[in-house]
Amino acid sequence: MLLPLLRPVDSDPAVDFRLDLFPPALPETVGALRRLLRDTLRSLGLDSDAPCLILSELVTNALVHGEGPPTVVLELRCGRLWIAVSDAGTAPILRPRPDDSRTSGRGLDLVGVLADEWGVKLIGTYGRAVWAAVAVGG
9 MLLPLLRPVD
19 SDPAVDFRLD
29 LFPPALPETV
39 GALRRLLRDT
49 LRSLGLDSDA
59 PCLILSELVT
69 NALVHGEGPP
79 TVVLELRCGR
89 LWIAVSDAGT
99 APILRPRPDD
109 SRTSGRGLDL
119 VGVLADEWGV
129 KLIGTYGRAV
139 WAAVAVGG
């Protein structure tokens, strides 16, 4: 998913960034991406806890429920981190009914709690993207 690069005139270009990543569809991808994001945000003096959890959940969902390798976009704009994870799947993303006895299937619930906003966007015949935005301070 491509997020428009919008940089306000008064933003600090040394702090704003965008990473377009094309990781393999392997389980170890989740940890590697989480470490990359954590180290990047920490190097800028920004909070990494919620963004790293959100990224982990979205990438895990793409690997488990998606089709093909994921695409990950991380973009920091004006103190907010935009995270988008897309895959080639075209089926709607269905969330299980709320049930406290579930032992899995709570990833999007966690994203909903941690993110300022989030959603799903179909990308025509190319697949779908799940995105989230979260304030990272600074």
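Numbering-wise, this note's numbering comes out as the position in the sequence shown, counting from 1, plus 8.
All C-beta atoms, glycine included, are put in the ideal place defined by N, C-alpha and C.
Just so you know, these numbers come straight off a predicted model, no measurement behind them.
About 6 Å separates the CB atoms of valine 67 and threonine 37; that is less than 8 Å, so the two are in contact. In the DSSP assignment, arginine 50 falls within the alpha helix (DSSP H) that extends over 36 to 51. Cα atoms of leucine 29 and valine 144: separation of roughly 20 Å, rounded to the nearest angstrom.
In this structure, proline 59 sits away from leucine 71, with a CB-CB distance that is not shorter than 8 Å. Out of Trp90, Leu82 and Leu130, the CA that lies nearest to the CA of leucine 27 is found in Leu82. Per DSSP, leucine 54 lies in no alpha helix (DSSP H) segment and is marked neither H nor E.
Where aspartate 28 is concerned, the enclosing beta strand (DSSP E) starts and stops at 25 to 29.
In this structure, leucine 122 keeps its C-beta atom at 8 Å or more from the C-beta atom of valine 138.
Of Ala40, Pro100, Arg42 and Leu89, the smallest CA-CA separation from threonine 133 is found for Pro100. Annotation: valine 138 is outside any alpha helix (DSSP H); the continuous beta strand (DSSP E) that includes it extends over 136 to 143.
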